[in-house]
Structure formats: structure tokens, C-alpha cells
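Each residue of the sequence shown is one higher than the last, beginning at -13 in the working numbering.
Beta carbons are placed, not taken as given, at the ideal position from N, Cα and C, and that holds for glycine.
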Amino acid sequence: MPIRTNRGRAAVYRRLWGWPLRSPRHLMGTLVVLAILVTALGIVLPKVVGKPQAKASPTTGPTTSVTTTPPGVAAPVPTANLPTRLSAPLATPTTAAPNGDAVRVAKEWAAAWVNHPAGITSEQWLAQLKPFTTEEYLPVMASVDPANIPATKVTGEPVVGTSYTSSVQLTIPTDGPKLAITVVSTNAGWRVADYDQAS
């Protein structure tokens, strides 16, 4: 095992690297000096190095002009032949009479939503809602505690707000808040995709 002495290069290196760790004041002073050094390098180096200017290549034919942009300014982008993300504008949804299946699904979903007797678990409550809820919305419903639902029964018929060929928004009254439900058409049929409680 080597013997550490106060002589030689290793001892000098130990003293240099150990100096910042001798006290909190040394450590803070070292960090401040390093921060100033990094900031100064960040300011000075770009000015010293600079950016190469674009040069026009010699041509034998007619002369062409080369436009250069000032440093820090992006070059203009030609927009003539850029592909668009959508080939056609988005179609506006087509209004339609309320779909009977959509209204039925909303009523059955609301009946399952208010059905939460004492002692029911979240899993049991979600199992009631699953046949009427989209797969994407089920994880959102998993965050609801059925014990906190203020309604216990549906008290009236659904009132349709807006109706399109692929979605229906309606309100269902309960003995608590009204349920504002959005039902959408999926591959598996009409399913609830969102709801909110309205006073």
C-alpha cells in the first residue's frame, strides 16, 4: 500500500482537489468562480469563433444572386411545395335526429352510475358501467369513488342537447345533480365517452 506523503505531484493534486472541500466557504467560492468562468466562456467563445459566411460558388453561365441572412435570423422557408398534414379540410359534423340506441345507452349508463349501494367496491361499480363506456374513458372512471356520488336514482327522461351522426350530447336528471353525458358511435356500438355533473 502506498504511503501518502506531503511531497510529490500526488500530494499537490490532493491539496488542489481537496481545497474546495475544506469548508463550506471554500466550496461556495469555488462554485461561484466556476459559474463566472462558464458564463464568460459562453459569451466570449461565440464572438471569437464566429460563423462562416456563405459564399457564392463561381458559375460559368448566367450569374445568380445568393441571399445571405444576418446571423441569428432563420432563413426564409419556401412554402410552395410543402406537403400539408391534412389533404382535405376537416369536415363539419352533420347534425341528425337523436339516435335511439345512443339515448338508450345513455339511460342505462346513468342507471348504472347512480346504482352504488353501501359496501359496493369501485371494481363492482365499474363492471356495471363497462358495457356502456368507451375503453378510453374507463380508466378515467376508475378514479371516481362511488361512495362520493350524491345521486341514488334517475328522476326523469333524457333531454337531448346536440345530436350529430356520430355523437349525441344529452342531460339526464337525477335526485342529485343532472348528468351531462356525451355518447359516441364506436365499432362496438354507442358508448359513453364523457360525462359531467351539472347543478
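Close beta carbons around residue i, own chain, < 8 Å, minus the five adjacent residues each side
{"i": "residue 124", "result": "112, 115, 116"}
Beta-carbon spacing of residue i, residue j below 9 Å
{"i": "residue 155", "j": "residue 168", "result": "yes"}
{"i": "residue 146", "j": "residue 95", "result": "no"}
{"i": "residue 144", "j": "residue 157", "result": "yes"}
{"i": "residue 118", "j": "residue 100", "result": "no"}
Whole-angstrom distance between residue j and residue i, CA atom to CA atom
{"i": "residue 97", "j": "residue 140", "result": "6 Å"}
{"i": "residue 184", "j": "residue 153", "result": "20 Å"}
{"i": "residue 129", "j": "residue 15", "result": "50 Å"}
{"i": "residue 80", "j": "residue 108", "result": "37 Å"}
{"i": "residue 36", "j": "residue 30", "result": "10 Å"}
{"i": "residue 5", "j": "residue 22", "result": "19 Å"}
{"i": "residue 8", "j": "residue 19", "result": "16 Å"}
{"i": "residue 104", "j": "residue 151", "result": "39 Å"}
{"i": "residue 28", "j": "residue 17", "result": "16 Å"}
{"i": "residue 120", "j": "residue 173", "result": "10 Å"}
{"i": "residue -1", "j": "residue 26", "result": "26 Å"}
{"i": "residue 3", "j": "residue 10", "result": "14 Å"}
Closer than 9 Å to chain C by CB, residue i
{"i": "residue 19", "result": "The structure shown contains no chain C; it holds only a single protein chain."}
Whole-number beta carbon distance between residue j and residue i, since they are thought to touch under 8 Å
{"i": "residue 149", "j": "residue 82", "result": "6 Å"}
Cutoff 7 Å; reference residue i; Cβ partners in own chain excluding five residues on either side
{"i": "residue 88", "result": "154, 169, 176"}
{"i": "residue 132", "result": "102, 106, 108, 111"}
Residues that DSSP places opposite residue i in a beta bridge
{"i": "residue 110", "result": "Per DSSP, none; premise fails for residue 110."}
{"i": "residue 17", "result": "Looking at the DSSP assignment, residue 17 forms no beta bridge with any residue, so it has no partner."}
{"i": "residue 93", "result": "DSSP output for residue 93 lists no bridge partner at all."}
{"i": "residue 175", "result": "172"}
{"i": "residue 148", "result": "155"}
{"i": "residue 135", "result": "Note: residue 135 sits in no beta bridge, so no partner."}
{"i": "residue 140", "result": "160"}
{"i": "residue 80", "result": "DSSP lists no partner for residue 80."}
{"i": "residue 187", "result": "The requested residue 187 does not occur in the structure, where the chain is confined to residues -13 to 185."}
Cut-off 6 Å between Cβ atoms - residues of its own chain near residue i, not counting five sequence neighbours on either side
{"i": "residue 164", "result": "157, 184"}
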